[in-house]
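Single-structure report; data block below.
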Amino acid sequence: MDRYIAKGRTLPFMSAMLAAANIVVFLLCQLPGNTLYGRGCLSAFEIVARGEYGRILWAMFLHADVSHLFNNMIILFFMGAMIEKEIGHFPFAGIYLVSGIGGNLLSLAGKIVGGDWAVSLGASGAVFGLDGLLLALVLFSPRRIENITPLRVVLMICLSLYSGFTGGNVDNLAHIGGLLTGFVLGGLSTIYMRLKRIR
36 MDRYIAKGRT
46 LPFMSAMLAA
56 ANIVVFLLCQ
66 LPGNTLYGRG
76 CLSAFEIVAR
86 GEYGRILWAM
96 FLHADVSHLF
106 NNMIILFFMG
116 AMIEKEIGHF
126 PFAGIYLVSG
136 IGGNLLSLAG
146 KIVGGDWAVS
156 LGASGAVFGL
166 DGLLLALVLF
176 SPRRIENITP
186 LRVVLMICLS
196 LYSGFTGGNV
206 DNLAHIGGLL
216 TGFVLGGLST
226 IYMRLKRIR
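Start counting the sequence shown at 36; every next residue gets the next number (this note's numbering).
Okay, structure coming up:
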């Protein structure tokens with residue numbers, strides 16, 4: 036029995052569930068009417084003028100097309116599986132979701148300040164949060180993650196940010212907001228792990 040419990044702790048079921056949720060939502064978005072897109076995209080006008088604050092959360096589960104979905108879900112599942120094993124299922128899911136919200140809040144602030152009324156969507160803010168979380172873990176965690184070094188993580192983040200800034204139609208503020216949120220939460224989680232280890 037203990038062997039099955041231990042195995043369950045290492046299975047990345049939160050990563051799989053989050054990826055599955057995104058895929059299901061994308062399939063529902065393909066139904067006639069585009070109802071979910073209309074009600075869930077990150078829109079400064081709808082949030083400020085109509086108080087539709089739920090969009091700050093819902094937008095991270097919407098994707099523009101198959102390639103957009105695929106790119107985010109590949110990173111979510113494989114990077115998520117590694118991180119989830121290190122910090123646990125529920126802390127991982129919490130940091131992922133809060134990072135997505137943090138990314139969307141910074142994006143929303145940028146839209147309001149810049150008078151940008153274009154909508155945005157996608158899980159990339161939350162995914163960048165995993166990058167920030169991973170960086171915090173390799174810098175501060177008392178446990179070492181095999182084959183992961185700070186330099187590799189920094190290079191990965193730099194390449195991802197560069198790709199966003201040189202590409203078109205990319206919400207870079209969401210990426211930065213998610214990255215910073217994930218890094219801060221990751222730093223706090225490592226402090227907690229160190230305190231727990233001392234006790």
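All C-beta atoms, glycine included, are put in the ideal place defined by N, C-alpha and C.
In the DSSP output, which residue or residues are listed as bridge partners for residue i?
{"i": "serine 155", "result": "Leu77"}
Whose C-alpha, out of the options, is nearest the C-alpha of residue i?
{"i": "isoleucine 226", "options": "Ile122, Ala128 and Leu77", "result": "Ile122"}
{"i": "glycine 217", "options": "Ile118, Gly167 and Arg85", "result": "Gly167"}
{"i": "isoleucine 118", "options": "Leu172, Leu97 and Leu214", "result": "Leu172"}
{"i": "valine 205", "options": "Pro177, Ala54, Leu156 and Leu132", "result": "Leu156"}
{"i": "glutamate 81", "options": "Asp151, Val60 and Pro177", "result": "Asp151"}
{"i": "glycine 115", "options": "Gly164, Leu215, Ile192 and Gln65", "result": "Gly164"}
{"i": "methionine 95", "options": "Phe113, Ala84 and Tyr72", "result": "Tyr72"}
{"i": "aspartate 100", "options": "Arg74, Val133, Leu194 and Leu63", "result": "Leu63"}
{"i": "histidine 103", "options": "Val162, Ser142, Leu141 and Gly89", "result": "Val162"}
{"i": "phenylalanine 125", "options": "Asn182, Val188, Leu196 and Leu53", "result": "Leu53"}
{"i": "arginine 178", "options": "Ser224, Val154, Gly203 and Leu196", "result": "Ser224"}
{"i": "leucine 230", "options": "Ala153, Ser176 and Gly145", "result": "Ser176"}
{"i": "leucine 196", "options": "Leu215, Glu181 and Ile180", "result": "Leu215"}
{"i": "serine 134", "options": "Thr45, Ile183 and His210", "result": "His210"}
{"i": "threonine 70", "options": "Ile180, Leu174 and Leu97", "result": "Leu97"}
Hey, residue i and residue j are a contact pair by Cβ (cut 8 Å); roughly how many whole angstroms apart?
{"i": "asparagine 160", "j": "glycine 199", "result": "It is glycine, not asparagine, that sits at residue 160 in the sequence shown. No, glycine 160 and glycine 199 are not in contact; Cβ-Cβ is about 11 Å, not under 8 Å."}
{"i": "asparagine 321", "j": "isoleucine 91", "result": "Residue numbering for the chain in the displayed model covers 36 to 234; residue 321 lies beyond these limits and cannot be assessed."}
{"i": "lysine 120", "j": "proline 47", "result": "7 Å"}
{"i": "leucine 111", "j": "alanine 55", "result": "Leucine 111 to alanine 55, Cβ: 10 Å. No contact."}
{"i": "glycine 221", "j": "isoleucine 130", "result": "7 Å"}
{"i": "phenylalanine 127", "j": "methionine 49", "result": "6 Å"}
{"i": "isoleucine 147", "j": "leucine 170", "result": "Wrong, their Cβ atoms sit about 29 Å apart, outside the cutoff."}
{"i": "tryptophan 93", "j": "glycine 68", "result": "So it is not a contact: roughly 16 Å between Cβ atoms."}
{"i": "leucine 143", "j": "alanine 51", "result": "Their Cβ separation, rounded to whole angstroms, is 29 Å, which puts leucine 143 and alanine 51 out of contact at 8 Å."}
{"i": "leucine 77", "j": "leucine 141", "result": "Their Cβ separation, rounded to whole angstroms, is 11 Å, which puts leucine 77 and leucine 141 out of contact at 8 Å."}
* To do: Taking only runs that begin and end inside the segment 50-117, name each unbroken alpha helix (DSSP H) of 4 or more residues, in chain order.
  => Complete alpha helix (DSSP H) runs here, min 4: 70-75, 79-85 and 90-93.
* Could I get the ranges of all uninterrupted alpha helix (DSSP H) runs contained in the segment 127-204, with 4 residues as the minimum, in chain order? => 159-175 and 185-201
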